[in-house]
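**Q**
Numbering (the numbering used here), first residue to last: 72 to 762.
#1: Taking its Cβ as the centre, do 16 or more other Cβ atoms sit within 10 Å of residue 277, making it buried, or is it exposed?
#2: Nearest by alpha-carbon distance to residue 675: which of 653, 648, 650 and 706 is it?
#3: Please go through the same chain and pick out, in chain order, the residues whose beta-carbon is closer than 6 Å to the beta-carbon of residue 291, but skip the five residues on each side of it.
#4: Select from 471, 138, 250 and 680 the residue whose C-alpha is nearest the C-alpha of residue 100.
#5: Going by the DSSP bridge assignment, what does residue 462 pair with across the sheet?
#6: Whole angstroms is fine: what's the gap from residue 624's alpha carbon to residue 730's?
#7: Provide the residue span of the beta strand (DSSP E) that contains residue 628, from first to last.
#8: What's the call for residue 391, buried or exposed, on a 16-neighbour Cβ count within 10 Å?
#9: Please report the straight-line C-alpha distance between residue 524 and residue 456, rounded to a whole angstrom.
#10: Going by DSSP, which residues form a beta bridge with residue 366?
#11: DSSP on residue 286, reduced to helix/strand/coil?
#12: To the nearest angstrom, how far is it from the Cα of residue 312 to the Cα of residue 367?
#13: Does the pairing of the segment 734 to 745 with the segment 691 to 701 give three or more beta-carbon distances under 8 Å?
#14: For residue 204, which option in 374, 661 and 274 has the closest C-alpha, if you only look at C-alpha atoms?
#15: Judging by CA-CA distance, which residue of 672, 641 and 671 is the nearest neighbour of residue 659?
#16: Specify, as a first and last residue, the run of the alpha helix (DSSP H) that residue 699 falls within.
#17: Residue 52 to residue 516, Cα distance in whole Å?
#18: Does residue 660 come out as helix, strand or coil in the three-state DSSP assignment?
#19: Quick one: is residue 499 buried, meaning 16 or more other Cβ sit within 10 Å of its Cβ, or exposed?
#20: Given that a residue counts as buried once 16 or more other Cβ atoms are within 10 Å of its Cβ, and exposed if not, what is residue 533?
#21: Would you be able to state if there are at least three C-beta pairs under 8 Å between the segment 224 to 233 and the segment 183 to 191?
#22: For residue 358 and residue 464, which I take to be in contact (beta-carbon distance under 8 Å), what is that distance rounded to the nearest angstrom?
#23: Restricting to Cα atoms, I'd like to know which of 164, 407, 105 and 501 is closest to residue 126.
#24: On the DSSP bridge assignment, give the partners of residue 349 in chain order.
#25: Please say whether residue 341 and residue 323 have beta carbons closer to each other than 7 Å?
#26: Quick check: what's the CA-CA separation for residue 134 versus residue 172?
#27: Report the rounded CA-to-CA distance for residue 307 versus residue 352, giving the unit in angstroms.
#28: Under a Cβ-count criterion, where at least 16 other Cβ atoms within 10 Å of its own Cβ denotes burial, should residue 335 be classed as buried or exposed?
#29: Roughly how far, in whole angstroms, is the beta-carbon of residue 251 from the beta-carbon of residue 520, given that I think they are within contact range, below 8 Å?
#30: How big is the Cα-Cα spacing for residue 667 and residue 704?
#31: Can you give me the start and stop residues for the beta strand (DSSP E) that residue 359 sits inside?
#32: Give the list of continuous alpha helix (DSSP H) stretches no shorter than 4 residues that lie fully inside the segment 184 to 222.
#33: Buried or exposed: where does residue 350 fall if 16 or more other Cβ atoms within 10 Å of its Cβ makes it buried?
#34: Find out if the Cβ-Cβ distance for the pair residue 562, residue 522 is shorter than 7 Å.
#35: Compare the beta carbon distance of residue 663 and residue 702 with 7 Å and say whether it is the shorter of the two.
#36: What do you get for residue 691, buried or exposed, if any count of 16 or more other CB atoms within 10 angstroms of its CB means buried?
Structure, rendered in structure tokens:
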């Protein structure tokens, strides 16, 4: 394919754009028309007829000319700027035909020179690029480009890559974002700036998408989505009255209607839920997922799609309401009366025919309910769940499913289960970007992109037992609250927030921690006599782990201390816990002689009946030392569960939750072979052979 801007379909629009005087002439004509009109009306009773006639004539002529120029402007905006287009993937023709107007304007300003000229032109004329640089705390000036103009890559290389990116992003034209992304990959000066800002290409793609959303055209009042916000009386008249339901429910549709949002991720999960709800049999959904995985956000997404008419056939314009069991049980103490009210609620929902009923924390109201203020509604529900007019979305977690719901097979048969997994890091970053405006307005501060990126990366690494996006949003809120007075929230503030939240030292090494690491051997030797080799190995392992140059995936360090009783194995572990982790209380000590049966695995990692002794402590204290005392006394099956911990750095607990051990040090002690060690000491045997 070739490139010829002057022979492209967008070139007439570029020529028209150069006639900038027309814009000012149009404004002048409008002002002249208003002046003549005012003179005509106010001078009607005082001016002569001739003057009035002339002022009216001037007003009509100026207004006619204004309308003509406005028509030409509309022709420019709707025709010249948006000419016909061919599919981007076509392999022949003029690449310039695929440019949108803004991209073509940037290229024309750069006079089709090399990549640095294109970058400079984009810097001058693209607000999106200035927005991006502001967000990554880059203050670029025109003089910074000096010395780089002759070092740019060929113009054709940038345009070809921009075309490829536009195809990858499924665009109809080569847009400004595609050009910016191509420049970020190719231009030497641009790449240098991104390296200085610690922003990779994937991060920059997120920035471009963010800028495109921020600068997207504001919705017009005549657009269908805007009109649907108002609702219609006709749609309300098509359903019956739900007086009792309205009293004991939260209208999710009304809440979503007043705050339309952009949702990210879980597209497949949402589609699966829609497919179930459109069935004529078993059209009830049981959403299963841990708290913080956006279970309710999926329901809000479904509600918004239904409200806007974008949902699956048969689900559009439904009313989604959440049954408020807290109000119901608080107002009515008598169980029989509660049962009567629930019957009326369900009957109203069936008669209305347009209700999708949501029950949050479903496990609290079925099965063996024992919590104060809760009741068992499974019997009442079961008599209505078979009605196709009633659609119920129940929300629970894995523990609730296991302990309560799964034991009621009859009730469970009316639901199809849909699992909600935590959102990906990429989707979480997009969610944070979409919430930035809210946080900045609320706390009157500026949040850098680096801060958002660090939040996602650090919460993923240091808060592994909590799900996305909740942990990232919580960390962002804490960071902004703590450092709003500094006006700009940076990655450094995020690191301090994560350290405070997890007690794990992250980010740049603070002076105190530097001092500890540099003098770790001496500090341990203040409590431990001799054991030089063991202390050296421990110190080296910690230094590698803290500098992030050690092996990834496992704990910070794993050690096996062998030797007879009284040589300082346990004391060394205690000293390390106090010196590096801050307190001996940071040591999780397990007497492995208490785990001599395979059945003891449940006590270690948890079960339906009890939390795990090891997993619950590591979840609460991920930055700690684990001491496995007298390891050789444990059952072989107990030892085998540590293989995954030592190799991959995590363990699945009894509830199926992933427990992260990457910020722990594991020390196992044993008396095994102590006779060999004592004999080697007597004979001064080489320690390599003894090991």
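Glycine included, C-beta positions come from ideal geometry on N, C-alpha and C.
**A** The short version:
#1: Label assigned to residue 277: buried.
#2: 706
#3: Here the model assigns residue 291 a pLDDT of 45, short of 50, so the residue's position is not dependable and the matter cannot be decided.
#4: 138
#5: 427
#6: 13 Å
#7: 628 to 633
#8: buried
#9: Rounded to whole angstroms, residue 524 to residue 456 spans 45 Å at the Cα level.
#10: According to DSSP, which records beta bridges pairwise, residue 366 is partnered with nothing at all.
#11: coil
#12: 26 Å
#13: yes
#14: 274
#15: The shortest C-alpha separation from residue 659 is found at 641.
#16: Taken as a continuous stretch (DSSP letters only), residue 699 belongs to no alpha helix (DSSP H), being part of the beta strand (DSSP E) at 695 to 700.
#17: The structure shown does not extend to residue 52, since the chain is modelled only from 72 to 762, so the question has no answer here.
#18: strand
#19: Residue 499 comes out buried.
#20: buried
#21: yes
#22: 6 Å
#23: Comparing Cα-Cα distances from residue 126 to each of 164, 407, 105 and 501, the minimum goes to 105.
#24: Paired residue(s): none; residue 349 is not in a bridge.
#25: No, Cβ-Cβ distance for residue 323 and residue 341 is not below 7 Å.
#26: 29 Å
#27: Low local confidence applies: a pLDDT of 48 at residue 307 is under 50, so the model's placement there is unreliable, with the coordinate-based value given in what follows. If I take the Cα positions, the gap works out to 26 Å.
#28: buried
#29: At roughly 15 Å, the Cβ-Cβ gap does not stay under 8 Å, so residue 251 and residue 520 are not in contact.
#30: Roughly 7 Å separates the two Cα atoms.
#31: 355 to 359
#32: 186 to 196 and 198 to 206
#33: exposed
#34: yes
#35: yes
#36: exposed
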